[in-house]
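Note that our numbering has the sequence shown beginning at 320, numbered continuously upward. What follows is a set of notes on a single structure, which appears directly below.
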Amino acid sequence: MFIPDITSNLDFQTGAASDSYFINNGIDSLDDTTDVNIVLIHTHGGVSGSSCRLQFKDGSLLTASNVSNWLDQRDGGFFFAGACSSAKYTDLGYAFIYKGFDSYFGYRGTVNTMRNARFYAAFFEHASLADVEVCDAADYAEDQVFLDFGYADDVGDNTFFGDSNVCLNS
Numbered sequence: 320m321f322i323p324d325i326t327s328n329l330d331f332q333t334g335a336a337s338d339s340y341f342i343n344n345g346i347d348s349l350d351d352t353t354d355v356n357i358v359l360i361h362t363h364g365g366v367s368g369s370s371c372r373l374q375f376k377d378g379s380l381l382t383a384s385n386v387s388n389w390l391d392q393r394d395g396g397f398f399f400a401g402a403c404s405s406a407k408y409t410d411l412g413y414a415f416i417y418k419g420f421d422s423y424f425g426y427r428g429t430v431n432t433m434r435n436a437r438f439y440a441a442f443f444e445h446a447s448l449a450d451v452e453v454c455d456a457a458d459y460a461e462d463q464v465f466l467d468f469g470y471a472d473d474v475g476d477n478t479f480f481g482d483s484n485v486c487l488n489s
């Protein structure tokens, strides 16, 4: 599977209207016979206490407990959460891992800068060229941001859970 064939691409403006729709009609509808499902979500994120959450158009918030309760068991895959504080705490990332995703990518801080947009572009550009591990795509993207803008704390402030050696193509 190549990055241009991302199986589920959702964002705050045009994607899933609610947290339950995202799980029930988005992720749960993916082919579970393959481990190469790639989910990319770009939305608002935040924290409540010591828990991370993703926000949807209707204002609903996807939390670790929602993932644990609603998501069917997966057979692998990669989850990219481009949202502020989507990995400030480990609960949301590990909820996806416990449900069978191989790897979860998120941010500890904010992601609303040009540097982050460059990171996204370089991450998926590099991953679409050949079999690339998640960590290699991230390293490449950080290098590209550094070349264009210099060091950026917000870009370096990302987190992987699970297997960072997951190949994004097959």
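Idealized CB from N, CA, C, for every residue including glycine. Bear in mind the structure is a predicted one, so any value in this text is a computation, not a measurement.
If you follow the beta strand (DSSP E) that residue i is in, where does it begin and where does it stop?
i           : result
residue 400 : 397 to 401
residue 358 : 357 to 361
residue 374 : 370 to 374
residue 422 : 422 to 426
Across which residues does DSSP place residue i in a beta bridge pair?
i           : result
residue 431 : In DSSP, residue 431 forms no bridge with anything.
residue 486 : 452
Could you spell out where the alpha helix (DSSP H) holding residue i opens and where it closes?
i           : result
residue 475 : 472 to 475
residue 415 : 410 to 417
Relative to the C-alpha of residue i, which residue among the options is closest?
i           : options               : result
residue 473 : 461, 482 and 362      : 461
residue 424 : 464, 355, 388 and 400 : 400
residue 419 : 338, 398 and 437      : 398
Drop a sphere of 10 angstroms on the beta-carbon of residue i, count the other beta-carbons inside from all chains shown, and report buried for 16 or more, exposed for fewer.
i           : result
residue 294 : As displayed, the chain neither begins before 320 nor continues past 489, which places residue 294 out of reach and without an answer.
residue 436 : exposed
residue 450 : exposed
residue 348 : exposed
residue 336 : exposed
residue 422 : buried
Kindly give me the distance between the Cβ atoms of residue i and residue j, rounded to whole angstroms, as I take these residues to be in contact under 8 Å.
i           : j           : result
residue 480 : residue 416 : 5 Å
residue 350 : residue 393 : Actually they are not in contact, since the Cβ atoms of residue 350 and residue 393 sit about 10 Å apart, beyond 8 Å.
residue 410 : residue 370 : 5 Å
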